[in-house]
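In the working numbering, the protein residues as written are 243 to 290.
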Amino acid sequence: ILTDGNGIPLAITLTGANVHDKHGVKDTLNSILIFSGKKEKTKTPLFR
243 ILTDGNGIPL AITLTGANVH DKHGVKDTLN SILIFSGKKE KTKTPLFR
């Protein structure tokens, strides 16, 4: 489980038993979705 500073989960990856954490790090980091925070502009009609 990857969490932010407040403990909110950002990503989770499941592996088999007795598998070292280093083998799942790449998959866990690649599963994070990053949003820019900008909303998409809505298209306005050309003629009103």
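Note that beta-carbon positions come from the ideal geometry of N, C-alpha and C, so glycine has one too.
- Per DSSP, L271 lies in no beta strand (DSSP E) segment; the continuous alpha helix (DSSP H) that holds it begins and ends at V267 to N272.
- Pairing L271 with V261, the inter-Cα distance amounts to about 17 Å.
- Per DSSP, T255 has no beta-bridge partner at all.
- Between the alpha carbons of D246 and L252 lies a distance of about 7 Å.
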